[in-house]
């Protein structure tokens with residue numbers, strides 16, 4: 007147990023990136039520890055989640071959520087311990103999931119917090135496999151792709167927080183699952199630990215040929231996280247009446263939009279391509295989280311975390327994640 | 007009534023186009039009038055339908071249907087009169103809808119023909135508003151876009167065989183309907199005769215601004231026939247949770263595939279984009295045709311035809327249609 011700092015520490019946005027994000031876009035500042043109002047609690051954060059969607063929040067471009075303003079604390083999901091409560095729902099010592107952002111202490115409304123059970127899984131899992139990324143994987147795969155046993159499911163960023171869950175869920179459903187990941191080490195993990203049938207390294211010079219070799223009959227379900235050349239290529243491998251859950255275009259965040267020349271495949275192959283944002287259906291989260299928890303308990307769902315130590319490391323870890331340097335769910339350990 | 011020619015005349019494919027189709031890709035030849043076998047009938051064709059999908063059939067590129075081989079008679083839907091029958095289902099004099107191709111006489115299996123009722127509508131309508139184009143319009147609008155009253159529906163190639171039906175159906179459903187067409191005359195027809203709320207001329211130098219002005223709140227349902235710059239532009243005007251029925255990419259037939267830089271809108275706006283081919287669900291055609299027939303009868307659905315006179319004019323009319331020179335459903339009158 008570390009001693010409690012007297013002040014809060016926060017990371018604020020100081021400039022918007024043009025192209026790649028750099029740690030210079032952020033600044034660590036000292037601030038007072040806030041006081042909870044009625045029906046609020048004060049939380050000492052233990053874990054901060056870093057996720058690709060945060061890149062959208064620091065951009066000027068229109069997206070599905072409001073931008074973080076210059077000078078504001080960066081948004082983000084957090085897990086922490088209640089240290090002061092003005093709500094009947096929470097007691098000091100409760101471990102809670104919330105969205106208090108990139109800071110050591112946060113105040114939150116009681117109705118925006120979830121008390122979490124860490125008997126069987128570590129608290130950090132509620133930011134990954136049991137949190138937004140895991141629920142994203144479930145929603146896109148089950149509700150949009152809806153694969154049948156025996157169908158071929160492809161997911162890129164396969165070793166990441168979302169992709170790793172997509173592939174394992176698809177294997178549990180009896181699908182043939184091919185992952186795409188960057189580098190041999192990640193590909194080995196995807197096959198040997200996560201149990202995918204195959205994994206194709208997108209950094210290989212023979213990527214396009216490798217992809218065709220591993221997907222000889224084409225793709226029934228594509229869970230798309232990456233966009234760019236990879237997605238453009240995958241579009242040409244879709245089967246008639248196939249489905250694409252468009253979850254992210256992380257490769258497009260730091261450059262001009264990619265120009266897709268393979269859109270005709272959507273017509274020729276009668277593809278259903280659907281974009282989705284997991285926060286549109288918050289009412290489904292508790293049920294999905296329960297299902298994912300059960301799968302972990304029965305050994306059918308495993309996960310891996312990349313952990314940066316200390317709030318000051320968050321910007322660097324965030325940039326690294328956007329470049330694919332993380333391996334599994336990217337977290338920052340705060341205390 | 008013309009006198010009957012002694013020989014059949016056919017138009018065959020003699021070369022595949024590179025870029026734009028030209029009349030030189032086809033050749034008119036004389037041939038024997040074929041003899042019907044058991045359960046077949048001989049038809050003297052009255053009308054030949056010209057449709058954009060035919061461009062795909064003369065290309066080497068993979069599409070949803072097999073290519074026409076060099077030397078083969080061009081495929082196409084036809085309406086004609088039975089002049090010899092070896093089937094119990096048809097008698098001499100029956101008017102039938104079939105797909106005997108670009109020729110004056112054709113033999114067809116009885117089970118691939120539909121006897122048509124021309125009491126209320128002309129026979130040619132079974133190639134347009136009551137045929138594949140009309141059923142395409144219904145399928146994409148009702149089954150894929152599924153608009154609610156008050157929603158904004160946009161369709162391009164709005165004065166064409168498909169687009170004109172899409173817009174009228176959407177108006178009947180109580181939608182706000184904006185068409186896109188090439189030229190002022192077509193736009194006037196779309197608004198004044200077809201009853202769309204507005205029409206934007208894509209040939210205008212102020213096209214992008216005009217589009218925004220007529221669709222201030224964005225698009226709920228897009229019925230996409232054209233592709234290219236128009237579709238790329240429309241993607242940026244889609245509303246959250248909007249739907250796109252991808253019916254055709256006619257602007258891409260005669261050039262390199264367009265490179266779409268606005269795919270991110272599908273993610274940000276959670277768009278459902280679905281390609282479809284109307285012949286995938288032949289079992290739905292009779293019911294849809296009945297609905298369309300009822301709408302014509304009650305004055306809620308009107309149509310217009312461009313008619314080329316004589317089989318020898320088919321290649322020129324086909325090229326003209328791909329360039330948007332037709333006005334309404336393009337037909338060839340054969341006898």
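Protein chains in written order, with my numbering: chain V, 7 to 341; chain C, 7 to 341. For each residue, glycine too, the CB sits at the ideal point set by N, CA and C.
Taking only beta-carbon atoms, is residue i less than 8 Å away from chain V?
i	result
residue 278 of chain C	yes
residue 258 of chain C	yes
residue 272 of chain C	yes
residue 217 of chain C	no
residue 265 of chain C	yes
residue 8 of chain C	Legend: pLDDT at residue 8 of chain C = 49, less than 50; position of this residue unreliable, value from coordinates given subsequently. No, residue 8 of chain C does not count as interfacial toward chain V.
residue 286 of chain C	yes
Relative to the C-alpha of residue i, which candidate in the options has its C-alpha closest?
i	options	result
residue 136 of chain C	C/95, C/334 and C/298	C/298
residue 305 of chain C	C/171, C/33 and C/109	C/171
residue 183 of chain C	C/82, C/80 and C/222	C/222
residue 211 of chain C	C/33, C/188, C/291 and C/265	C/188
residue 186 of chain V	V/283, V/260, V/132 and V/208	V/208
residue 156 of chain V	V/139, V/177, V/145 and V/138	V/177
residue 314 of chain C	C/333, C/163, C/35 and C/219	C/333
residue 261 of chain V	C/150, C/270 and C/259	C/270
residue 146 of chain C	C/175, C/229, C/77 and C/218	C/229
residue 220 of chain V	V/204, V/231 and V/235	V/204
residue 102 of chain C	C/54, C/236, C/76 and C/162	C/54
residue 23 of chain C	C/63, C/125, C/128 and C/194	C/63
residue 77 of chain C	C/169, C/37 and C/105	C/37
residue 126 of chain C	C/324, C/323, C/301 and C/339	C/301
residue 14 of chain V	V/323, V/293 and V/107	V/107
residue 286 of chain C	C/236, C/71, C/321 and C/192	C/71
residue 161 of chain C	C/105, C/218, C/213 and C/250	C/250
Should residue i go down as buried or exposed, given a rule of 16 or more other Cβ atoms within 10 Å for buried?
i	result
residue 41 of chain V	exposed
residue 180 of chain C	exposed
residue 248 of chain V	buried
residue 67 of chain C	exposed
residue 109 of chain V	buried
residue 317 of chain V	buried
residue 12 of chain V	exposed
residue 128 of chain C	exposed
residue 158 of chain V	buried
residue 191 of chain C	exposed
residue 7 of chain C	Caution applies to residue 7 of chain C, whose pLDDT of 45 falls short of 50 and renders its modelled position unreliable; the value that the coordinates give is listed next. Result: exposed.
residue 293 of chain V	exposed
residue 193 of chain C	buried
For residue i, would you say it is in contact with chain C, using Cβ-to-Cβ distances shorter than 8 Å as the test?
i	result
residue 231 of chain V	no
residue 162 of chain V	no
residue 57 of chain V	no
residue 275 of chain V	yes
residue 283 of chain V	yes
residue 254 of chain V	yes
residue 327 of chain V	no
residue 269 of chain V	yes
residue 26 of chain V	no
How about residue i and residue j: are their beta carbons less than 8 Å apart?
i	j	result
residue 225 of chain C	residue 243 of chain C	yes
residue 198 of chain V	residue 206 of chain V	no
residue 281 of chain V	residue 257 of chain V	no
residue 342 of chain V	residue 100 of chain V	With chain V running from 7 to 341 in the structure shown, residue 342 of chain V is simply not present.
residue 27 of chain V	residue 328 of chain V	yes
residue 51 of chain C	residue 312 of chain C	no
residue 58 of chain V	residue 330 of chain V	no
residue 153 of chain C	residue 227 of chain C	yes
residue 130 of chain V	residue 337 of chain V	yes
residue 167 of chain V	residue 335 of chain V	yes
residue 49 of chain C	residue 33 of chain C	no
residue 19 of chain C	residue 83 of chain C	no
residue 111 of chain C	residue 39 of chain C	yes
residue 143 of chain C	residue 120 of chain C	no
residue 60 of chain C	residue 79 of chain C	no
residue 150 of chain V	residue 291 of chain V	no
residue 163 of chain V	residue 196 of chain V	no
residue 200 of chain C	residue 308 of chain C	yes
residue 173 of chain C	residue 202 of chain C	yes
residue 324 of chain V	residue 56 of chain V	yes
residue 29 of chain C	residue 322 of chain C	yes
Discussion item. Under 8 Å, with one C-beta from each stretch per pair, do the region 113 to 131 of chain C and the region 85 to 102 of chain C reach the 3-pair mark?
Written reply: yes
Worksheet item: For the region 273 to 281 of chain C against the region 37 to 53 of chain C, are there 3 or more C-beta pairs whose distance is under 8 Å?
Response: no
Discussion item. If contact is defined by three or more beta carbon pairs under 8 Å, each pair taking one atom from either stretch, is the region 260 to 267 of chain V in contact with the region 254 to 271 of chain C?
Written reply: yes
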